[in-house]
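These protein sequence lines map, in sequence, to chains V and G. Residue numbers for the first sequence, in the working numbering: 1160 to 1366. Residue numbers for the second sequence, in the working numbering: 32 to 128. Cβ coordinates follow ideal geometry from the N, Cα and C atoms, glycine included. Because the structure is a prediction, the values reported are computed rather than measured.
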Amino acid sequence: MTRPRSSLLVLFALALLAPVAWALPTAAQIKLAFDALDTTRNGAINEEEWDRASFALFRAADKNNNNFIDAAELADSTIAQDTFLRADTDHDGRLSVGEFMELRRAIFRIADIDHDDSLNFVEFELLIVMEQVGWTDRNQNGRIEQSELRESLTKAFEQLDENHDRQLSPTELGYLPPGRFASYDTNRDGTLSAEEFVAGYRTALGA
Amino acid sequence: MKNNSISVLLAFAGLLAASQPALAAAKKPDVRATAALVSALQAVSPDPLGGRLGLAATTAFAPVLEKSLPGRDYAAQTQRAELDQRSYLIWKSSQKS
């Protein structure tokens, strides 16, 4: 079953504009996940490590062990179900390993902001954030270009600003290690403005 | 000579029997490590399809069945999918304890 492109775009926009659906993980949880992925312990997740982790996720999702992910095996959320429909490129009503891996590699490419075919810790952290807040691919090339980075980070800021006071508190940024929060907070007022948030990440990414 | 051969065989059998628990234990860390990996990932990323990022990623997708789309290398994509399937099955069998 296919959906008209216009309805898909509406769903995509809604997915971006809707508030954060679940609580962001803690800094410790993100570190644990990164270390679990980085099996070579070189401080970066390469494509092979990403693929192996993706296999593990596929296996975990394939509850009936038939080497396919059925819609019923996924969370009952609009976003997951709509992603499923889009990723099911042969429209057979289930995700094969190939379809799943194509999606996972597309996610890897988006998160690989410096285009070095690996994810450093900050890129991985941003991937986790973007899974909740979304992002905008202006030129629709499946990559966050340097020119798009500011816009993507600004959008993340707006989504994370739960009380809409145009500042991010340590509570709103609970996933950020305290040391990095302090380094981003250049005016030492205990909160991050959009400029501080964007500048902090750009420095951390070497952008 | 015959007694020596029997002794060697018995020693070998003994070694083989003694090594089974060690071999079984050697296989287990892969399964445990994978379970720990999945648990750690699911704590930070509950949706294996990537949440809103995954949904955004699919905007670049087009159905495999649309072979005639310009710029789409259908053959390469199919080959890649088959390779992934084979690699996954090999990985999956390596996880069995």
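When Cβ-Cβ separations below 8 Å define contact, Ser1277 of chain V makes no contact with chain G. By the Cβ neighbour-count rule, Ile1272 of chain V is buried, with 16 or more other Cβ atoms within 10 Å of its own. For Asp115 of chain G, the nearest CB of chain V lies under 8 Å from its own CB, placing it at the interface with that chain. Ser1311 of chain V sits close to Thr1295 of chain V, with the two beta carbons spaced by under 8 Å.
Judged by beta-carbon spacing, Arg1253 of chain V lies within the 8 Å limit of Asp1229 of chain V, meaning their Cβ atoms are closer than that value. The straight-line gap separating the alpha-carbon atoms of Asp1247 of chain V and Pro1329 of chain V is approximately 39 Å. Taking C-beta atoms as the reference points, Asp61 of chain G and Gln108 of chain G fail to come closer than 8 Å.
Flagged as an interface residue toward chain V: Arg111 of chain G, by a C-beta distance shorter than 8 Å.
Taking the C-beta atoms as reference points, Tyr1334 of chain V is found nearer than 8 Å to Leu1183 of chain V.
Secondary structure of Ser38 of chain G (DSSP, three-state): helix. In the three-state scheme derived from DSSP, where H, G and I count as helix and E and B as strand, Ile121 of chain G is classed as helix.
Taking a contact as a CB-CB distance under 8 Å, the pair Leu1278 of chain V and Ala1203 of chain V counts as one, their CB atoms being some 6 Å apart. Close to Phe1214 of chain V, with beta-carbon spacing below 7 Å, are these residues of chain G in chain order: Tyr119 and Trp122. Taking 4 residues as the minimum length, the alpha helix (DSSP H) runs contained wholly in the region 1208 to 1286 of chain V are 1237 to 1246 and 1256 to 1270, in order along the chain. Taking a Cβ-Cβ cut-off of 8 Å, the neighbours of Ala1219 of chain V in chain G comprise Val69, Gln73 and Pro79, given in sequence order. In the structure shown, Ile1204 of chain V adopts extended strand secondary structure according to DSSP, grouped into three states.
Nearest to Gly81 of chain G by alpha-carbon distance, out of V:Glu1206, V:Phe1217, V:Asn1223 and V:Glu1208, is V:Phe1217. Taking 7 Å as the Cβ-Cβ cut-off, the region 1243 to 1257 of chain V approaches chain G at Phe1243, Arg1245, Ala1246, Thr1248, Asp1249, His1250, Ser1255, Val1256 and Gly1257, given in chain order. When the five nearest sequence neighbours on each side are left out, the beta carbons in the same chain lying within less than 6 Å of the beta carbon of Leu1262 of chain V are those of Ala1246, in order along the chain.
Contacts with chain G at 8 Å (Cβ-Cβ) do not include Gly1333 of chain V. Residues of chain G with a Cβ closer than 7 Å to the Cβ of Pro1184 of chain V are, in chain order, Ala74 and Val75.
In the three-state reduction of the DSSP assignment, Leu1327 of chain V falls in the strand class. Taking a C-beta distance under 8 Å as the contact criterion, Arg1302 of chain V and Arg1268 of chain V qualify as a contact pair. Annotation for Ala88 of chain G: the continuous alpha helix (DSSP H) segment containing it runs Gly82 to Ala88. Rounded to whole angstroms, Ala1270 of chain V and Asp1197 of chain V show a C-alpha spacing of 15 Å. Tyr105 of chain G and Arg111 of chain G have their C-alpha atoms roughly 10 Å apart.
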